[in-house]
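See structure below.
2 protein chains.
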Amino acid sequence: MTTTPADSPRRTADVYATLCPARDVLDVLSGKWSALVIGALEEGPRRFTSLQHRLQGVSPKVLTRTLRRLEDYGFITRTVIAQVPVRVDYALTDLGRGAAAPLAHLRHWVETNTRIG
Amino acid sequence: MTTTPADSPRRTADVYATLCPARDVLDVLSGKWSALVIGALEEGPRRFTSLQHRLQGVSPKVLTRTLRRLEDYGFITRTVIAQVPVRVDYALTDLGRGAAAPLAHLRHWVETNTRIG
DNA sequence: CAGTATCCAAAAGGATACTG
DNA sequence: CAGTATCCTTTTGGATACTG
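From first to last, the protein sequence lines are chains A and B. Going by this note's numbering, 62 is the number at position 62 of the first sequence; the sequence numbering is gapless. Going by this note's numbering, 224 is the number at position 107 of the second sequence; the sequence numbering is gapless.
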């Protein structure tokens, strides 16, 4: 786990280590809305307002921050289409699609294992 | 996944709904240390100090709060063994073991997909 | 439409010292 | 050993009003 093959672009991280950057990534994905945004984008690109409606209860400020952070970490793209009014599409990157899979499992597990009522 | 067998005690939740209790559960699992604690307990019960060492950088106050919350939600048990000095074991419940699976996938994905360096 | 700006409250995180 | 208690900082969340 501390060895790095010369031909590999990746090393294995340890989320239990204090300074491991993987922990930052885990933190980003652990935000209140991050997993929900990524899940919403699994079906295809969405616009800001569309996401806002899908994520019941999110305020524009918080949604913006969530989107920016996901963009900074390379999970989603933000595409501005110059028209009037302006149109902005958010979509998953390959990395985002990769993260979407385990997150979907987690969401599904939570949905089926949470007692309602 | 949206069907519920008549003999099942569970209904399907929707984490996208504002008032869905599943969202609380997702939030608990999304805490900075929750997924790490659950992962640490997958190998077997651990004591407070053992967890503290495994989760590099966690303070006793924060660890306590994390453990209490996981206990409240039924993911872990806290067992006090009356001896001197007192011994306290934390262990996963069945629910906790269930949650551990998708969380392990997520951790593993993060560890292998986070660029280090 | 897709955000910003502002203000605020609450939660989370953390360092450190102390205790049954 | 397994926490509490205290104090503090940072982060997060949120309501609302406004703008190019």
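Idealized CB from N, CA, C, for every residue including glycine.
- Annotated three-state conformation of Leu70(A) is helix, per DSSP.
- Here Val86(A) carries a coil assignment [DSSP, helix/strand/coil].
- Contacts between Arg224(B) and chain A, judged by CB atoms closer than 8 angstroms, involve Val15, Leu26 in chain order.
- The segment 102-112 of chain A makes contact with the segment 218-225 of chain B, as at least three CB pairs between them are under 8 angstroms.
- Between the alpha carbons of Phe48(A) and Leu172(B) lies a distance of about 37 angstroms.
- Ala208(B) has a beta carbon lying at 7 angstroms or more from every beta carbon in chain A.
- Residues of chain B with a Cβ closer than 8 angstroms to the Cβ of Gln56(A) are, in chain order, Tyr133, Ala134, Thr135.
- In the displayed model, Val227(B) falls within a helix according to three-state DSSP.
- With its beta carbon less than 7 angstroms from one in chain B, Thr114(A) belongs to the interface.
- Taking 7 angstroms as the CB threshold, Val154(B) stays off the interface with chain A.
- Between Asp131(B) and Cys137(B), the beta carbon gap of about 5 angstroms places them in contact (Cβ cut-off 8 angstroms).
- Here Pro45(A) has Asp89, Ala91 as same chain residues with Cβ atoms under 6 angstroms from its own Cβ, once five neighbours each way along the sequence are excluded.
- Ranked by Cα distance from Ile155(B), the options Gln200(B), Ile198(B), Gly213(B), Val227(B) are led by Gly213(B).
- For a Cβ distance threshold of 8 angstroms, residue set Leu106 of chain A lies close to Leu220(B), ordered along the chain.
- With respect to Ala139(B), Thr114(A) sits close: the two C-beta atoms are nearer than 7 angstroms.
- For Arg78(A), the enclosing beta strand (DSSP E) covers residues 76-81.
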